[in-house]
Every structure is written in C-alpha cells, then in structure tokens.
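Scroll down for the structure; my scribbles are underneath it.
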C-alpha cells in the first residue's frame with residue numbers, strides 16, 4: 009500500500025496508544041531525534057505539518073561542511089564537532105555525501121588575507137581530523153588561476169585548495185527518516201500540531217490536524233520535543249518566554265544558473281567584498297550560488313526571493329569573477345530558507361551569529377531545540393535524546409546512542425566495494441532495462457543501495473500506470489516514492505525527492521502535468537483533488 013492511503017490507519021492507531029516520545033518537526037533535526045530515540049528503545053512518533061524536509065532542511069547550501077568561516081568567530085568547538093561529523097555522515101550515507109574539491113581564492117584587500125586563510129585551514133584540517141589526501145594545499149597566484157581561469161581580472165594573490173562534502177539535504181533527511189521508520193518509529197507527514205496538551209501543568213501530548221481531511225486527533229506521549237525549526241516559537245507560545253530574545257530568523261537565498269553561463273571548474277568559496285563569503289557550486293550541468301543572510305520577518309513556509317536578493321548574488325559573482333556577466337534573466341530557479349539562529353548580541357549581523365544549537369527546557373517538561381547546522385544533526389539529536397533517555401530510564405530498557413555507526417537507508421555500499429564499484433555493477437542492471445546511462449546514474453545517486461527496491465517497482469509496475477504518458481523509469485519513480493518515501497503531493501517528488509525543480513527545471517516543467525495526472529490515478533484522487541494540485545503547481549511555476 010502507498011503511504012498516502014496508509015496514513016489514515018497510522019493516524020487512527022497513533023491516537024489509541026501512549027508513545028514514549030513525540031517529536032514535532034520532520035526536518036533533519038526531528039528525523040535525527042526520531043532515529044536516535046527509537047534505536048535506543050524509546051517508542052517514538054514524529055509529526056510534521058508538511059512534507060519531510062519541506063522547511064529549512066531542503067533549503068541549505070547542500071554541503072556537509074565544518075564551517076570554515078566560523079574560525080573567524082573563534083567557534084573552535086563548533087568547527088571541531090561539525091568538521092568531524094563530515095566523515096561520520098559520509099560513512100553513513102556515501103551515496104549522498106560526496107567529497108567536493110573547494111577553491112578559496114585570496115583577494116587583495118579581502119576580509120581573509122592569505123596568512124589567515126592558511127593558518128585557518130591548517131587549524132580546520134586538525135580540528136576536523138581531515139584525511140591526508142583531502143588536506144588543504146596553499147596555492148600561489150599562478151596555481152590558483154590554473155585551478156580556476158575564470159578568476160582572470162580579479163585581484164587574486166593566491167588561494168587554498170581543500171575539501172568539503174557535497175550532499176542533497178532533502179535526500180539526506182529522507183534517508184534518516186526512512187531509517188527511523190525501519191527501526192519502528194511512526195512518521196506522520198501533513199499532520200499539523202494545533203495545540204499542546206497539558207495535565208497538572210505538565211505536557212502530556214499534542215492535538216493534531218490531518219491537513220488533507222481536516223480531521224483532528226489527540227496523541228499522548230510521556231515526553232514531547234519541539235524540533236519545529238523556524239516554527240519553534242509559533243508552536244509553543246505558552247513557553248516562548250524561555251526563549252525570549254534568544255531566537256532570530258534569517259533568510260538564505262540560493263540561485264541556479266546554467267553551467268555554461270558560469271562554468272566554474274570546481275566549487276568555490278569566495279570573499280564578496282562586504283565581509284561575507286559566498287559559494288558557487290557546479291552540479292548536474294548547473295551552477296548554484298549562495299547564500300544571502302538577512303534578518304527575516306514574514307511567511308515562514310515560503311520566504312521567497314526579492315529583486316535585492318537576486319542583485320546581491322549576481323553582484324557577488326561579478327565582484328570575484330569579472331569576466332562572468334550574469335543577468336537576472338539567467339536565473340533558472342532558486343530556493344530560499346529560514347535559519348532559526350541563537351541570538352548572541354543585538355549588534356551582530358546575521359552572518360556573524362553562531363550556528364551552534366541550544367536546548368530549552370520548560371517547567372512543563374517540554375524540550376525545544378533550535379539553531380545548529382545540517383552537518384551537526386546527529387550530535388544535536390544525541391544531546392537531546394540523552395535527556396529524554398534519562399527521564400524515561402524507569403519506563404524502558406534504553407540503550408546507548410548507536411547512530412555514529414548506524415548506516416542510513418540507501419548507504420549500504422561497503423559490501424560492493426564502495427560507491428564507484430557499486431555504481432558500475434548497478435549501471436549494467438539498470439541499462440539492461442532500457443534506461444539510458446545518464447538517467448541510470450541519477451537514479452543510483454538518488455537511491456543508493458535502495459536501487460534494488462526501485463528496480464522491483466520498475467519490474468512490477470502497477471497496471472494503472474501503464475497507460476500514463478510518462479517514461480517507464482519515471483513511472484517507477486512515482487510508484488517507488490509513493491510507497492517507500494512518504495510522497496503525498498506532486499511537489500514532494502518534483503522538489504524534494506529529486507531536486508528536479510532546481511537542477512532540471514525544464515524537464516520538470518515538461519513532465520509535471522502528466523506526472524500529476526499519473527499520481528492522481530495511482531493514489532486514487534478525485535478529479536477535483538487532481539485539479540487542485542494542478543492549479544497549485546501552476547502557481548508555483550510563476551514564482
């Protein structure tokens with residue numbers, strides 16, 4: 009049965025039992041907590057008002073990185089932890105987390121002189137425990153220009169070549185969510201918390217609404233964690249006072265252009281002249297640039313992009329790559345997300361605020377967590393689950409945290425000899441089914457060792473999909489993701505499960521209507537529901 013139709017049974021059952029832990033929020037932090045808690049032996053329910061990773065966790069710079077720039081703020085602890093977590097996440101999900109060579113050009117008069125960059129990256133390598141073959145190299149001007157000829161005309165004095173890890177943030181979050189589910193956690197998307205429930209001054213559960221049917225349910229839990237990211241205060245007005253003046257929402261925007269318009273040879277991390285640093289990263293025939301970092305008040309679900317955001321990022325490129333003449337019309341797509349940061353000093357600019365996380369304890373027993381980085385999700389989850397484990401030690405037989413070695417869904421590649429060997433073996437199996445090599449490689453990147461499950465769906469395609477106007481491999485993706493990856497809406501697939509909306513925008517626009525129609529057939533939507541999703545998608549294409 010597909011997840012969309014299974015949800016009703018899950019909702020009704022969840023209302024009949026008491027859970028050890030209820031986690032509010034299906035971003036990387038919430039999913040990480042669900043995995044940690046469930047794998048220790050705590051029966052866990054996760055509720056998310058939208059899709060898995062629909063908020064901040066699908067709108068990052070899509071890097072697993074230690075945060076080199078935080079050394080300028082003397083955040084040595086943060087850099088050490090997140091730097092070392094890069095290797096952990098790479099081990100857990102090698103199909104999603106790929107070593108990415110990075111060039112840091114040194115600009116005359118910039119905010120990071122060569123000596124600072126050299127010492128900083130040396131400390132970075134030490135703190136992060138970087139493998140020998142990925143340690144930084146200090147480059148002179150000629151070597152820097154050889155790495156990236158597009159820097160011609162800039163005031164380059166040298167550079168640093170080092171490594172970070174490229175990821176797909178939404179797929180990483182999905183891998184964590186699927187692993188939590190496999191451990192026994194109940195994952196409920198499109199389930200909005202509309203009230204927190206208390207008894208004798210202590211939190212005992214949540215009231216939720218199924219956003220598809222409008223039906224309300226009450227879920228009871230011994231412990232509740234608020235991991236709602238940008239919505240953490242909106243959800244918990246009763247206890248917001250414990251976080252008074254502590255949280256600041258900032259907006260980060262990334263833009264995508266065709267790689268032919270900005271053909272960087274490898275990812276670059278560059279000084280933009282105002283004290284900030286920006287990335288330019290090649291991916292799937294595109295180059296994406298970001299991020300902005302501005303204080304935000306407004307709609308949390310869709311922060312959007314302004315003309316000022318576009319102009320700022322285009323000017324950043326122009327500043328360091330004088331020969332690149334990008335215009336607003338070259339922007340093919342974008343994404344914008346919100347970061348719930350821990351405010352330190354009102355005089356600090358958004359980009360200077362630490363990305364450390366913080367746990368807030370309420371007198372009601374509710375725990376809230378905010379701040380942090382994608383890279384550090386596992387340690388964040390471990391810290392807050394430790395508190396829950398201590399509270400529940402008399403209720404359950406609770407084990408130690410095992411997430412450091414718990415391979416994530418799709419990441420079981422070692423038995424094949426690693427990603428490269430796995431890819432070569434599976435390419436033969438996939439292309440034998442008539443799928444072209446480029447599509448086959450993309451499917452392997454998306455699903456890792458779960459490609460075998462995908463191929464089962466390909467070989468046993470639902471008869472209702474046979475007559476739909478889509479390539480067979482895409483029909484199989486629809487069937488696979490609806491059954492195994494919580495897909496309930498077209499945007500879940502087109503934006504977050506595939507990132508087609510960002511990096512294959514023309515292809516996504518070409519198949520989207522036929523896809524929505526096929527999805528309606530497979531999930532047995534009414535004609536009105538299918539029409540509604542078509543209209544919603546048409547509106548999204550205008551943004």
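Numbering (the numbering used here), first residue to last: 9 to 551. For every residue, glycine included, the Cβ atom is placed at its ideal position computed from N, Cα and C.
Suppose the cutoff is 8 Å on Cβ atoms and the five residues either side in sequence are ignored; what does the same chain contact list for residue i look like?
i, result
"residue 18", "194 and 196"
"residue 553", "Given a span of 9 to 551 for the chain in the structure shown, any question on residue 553 remains unanswerable."
"residue 209", "371 and 372"
"residue 110", "169, 170, 171, 172, 274, 275, 276 and 277"
"residue 22", "53, 194, 196, 225 and 227"
"residue 96", "386 and 412"
Counting only the same chain and skipping the five closest in sequence on each side, list residues whose C-beta sits under 7 Å from that of residue i.
i, result
"residue 406", "48, 49, 50, 397 and 400"
"residue 267", "290, 293, 294 and 295"
"residue 304", "257, 258, 259, 311 and 346"
"residue 308", "238, 239 and 346"
"residue 538", "524, 525 and 528"
"residue 107", "142, 171 and 173"
"residue 243", "32, 201, 234 and 236"
For residue i, count the other beta carbons within 10 Å of its own beta carbon; 16 or more makes it buried, fewer makes it exposed. Which is it?
i, result
"residue 317", "buried"
"residue 84", "exposed"
"residue 336", "exposed"
"residue 528", "buried"
"residue 355", "Note that residue 355 scores a pLDDT of 44, beneath 50, so its modelled location is shaky and nothing firm can be said."
"residue 134", "exposed"
"residue 483", "buried"
"residue 534", "exposed"
"residue 186", "buried"
"residue 471", "exposed"
"residue 123", "exposed"
"residue 323", "exposed"
"residue 468", "exposed"
"residue 306", "exposed"
"residue 144", "buried"
"residue 328", "buried"
"residue 547", "exposed"
"residue 70", "buried"
"residue 59", "buried"
"residue 162", "buried"
"residue 190", "exposed"
"residue 229", "buried"
"residue 20", "exposed"
"residue 223", "exposed"
DSSP on residue i, reduced to helix/strand/coil?
i, result
"residue 481", "helix"
"residue 515", "helix"
"residue 343", "strand"
"residue 34", "coil"
"residue 465", "helix"
"residue 382", "helix"
"residue 360", "Low local confidence applies: a pLDDT of 48 at residue 360 is under 50, so the model's placement there is unreliable, with the coordinate-based value given in what follows. Helix."
"residue 398", "helix"
"residue 301", "coil"
"residue 217", "strand"
"residue 372", "coil"
"residue 294", "strand"
"residue 529", "helix"
"residue 550", "coil"
Is the CB-CB distance between residue i and residue j below 7 Å?
i, j, result
"residue 341", "residue 264", "yes"
"residue 277", "residue 270", "no"
"residue 159", "residue 113", "yes"
"residue 192", "residue 46", "yes"
"residue 115", "residue 279", "yes"
"residue 175", "residue 104", "yes"
"residue 64", "residue 40", "no"
"residue 129", "residue 149", "no"
"residue 31", "residue 42", "yes"
"residue 219", "residue 206", "no"
"residue 177", "residue 68", "yes"
"residue 232", "residue 202", "no"
"residue 415", "residue 434", "no"
CB-CB under 6 Å to residue i, same chain, minus the five flanking residues each way: which ones, in chain order?
i, result
"residue 438", "448"
"residue 353", "The predicted position of residue 353 is uncertain, since its pLDDT is 49 and thus under 50; a value taken from the coordinates is nonetheless stated next. The answer is none, since no qualifying residue turns up."
"residue 462", "455 and 488"
"residue 431", "452"
Please tell me whether residue i has its Cβ less than 7 Å away from any Cβ of chain D.
i, result
"residue 168", "Absence of chain D from the displayed structure is noted, only one protein chain being present."
Q: Please determine if the segment 379-391 and the segment 84-98 are in contact, where contact requires at least 3 C-beta pairs separated by less than 8 Å.
A: yes
Q) Between the segment 9-29 and the segment 492-505, do at least 3 Cβ pairs fall closer than 8 Å? A) yes
Q. Is the segment 414-421 in contact with the segment 451-462, if contact means three or more CB pairs nearer than 8 Å?
A. yes
(Q) Taking contact to mean 3 or more Cβ pairs, one atom from each stretch, closer than 8 Å, check whether the segment 504-524 and the segment 468-485 are in contact. (A) yes
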